[in-house]
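In my numbering, the protein residues as written are 2 to 215.
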């Protein structure tokens, strides 16, 4: 089983993230229409396709440099908070792997932990606020727990994907506090947060992309 990953494996994971958002874009728009303006799937697809173009344009970039290039590209995405949030996330991922060519389980988890630190500097949203943080934070906690148990990278991603979707589904029980949805308050109860669902799909895509390589 895979105990280390490098730039090529990370690119494969990100390709999986792009692939799953292509499939789920319409679903994400429908989820967003229930509590927002209905364009979240379009925005996420635009972001992931831009990420894909950056990967294609930098085939030999070091891992940290590639993630940084993706971050700055995402910052320019139109669509509310998505660009700045994902840009901040990828800047953190980049900072987390500075000087590293390969990542073991500990380093892989640490990369995402730095991503959380970075995104927390961009938003005040935390667990329970009905945002992407409700999927991201449990996923990264699962990465850390699995890494500390000495599990393989695929096992880390499996645990993270499960935790992310559980966190996203739990947002049905929360009232929105951020974004357009906050103006609907308790009317958002019963509806999952589209940003948390898309984040959960991204972790599923990372897992799928890595597993697709054998």
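Ideal placement from N, C-alpha and C gives every residue a C-beta, glycine not left out.
Per DSSP, reduced to three states, the secondary structure at residue 124 is coil, with no helix or strand assignment.
CA-CA distance, residue 179 to residue 78, rounds to 19 Å. Under the three-state reduction of DSSP, residue 150 is assigned to coil, being neither helix nor strand.
Leaving aside the five residues that flank residue 187 on each side, the residues in its chain whose CB is nearer than 8 Å to its CB run, in chain order, 176. In the same chain as residue 29, and ignoring 5 residues on each side of it, the C-beta atoms closer than 7 Å to its own belong to 41, 42, 45, 195, 198, 199, in chain order. In the three-state reduction of the DSSP assignment, residue 98 falls in the coil class, being assigned neither a helical nor a strand state. Sequence-distant Cβ neighbours of residue 4 in its own chain, meaning closer than 8 Å and more than five residues away, are 105, 106, 153, 154. Between residue 162 and residue 113, the C-beta spacing is not below 9 Å. Where residue 105 is concerned, the enclosing beta strand (DSSP E) starts and stops at 103–105. Between residue 207 and residue 133, the C-beta gap is not smaller than 9 Å, which leaves the two residues out of contact.
Boundaries of the alpha helix (DSSP H) harbouring residue 205: 195–212, taken from the DSSP string.
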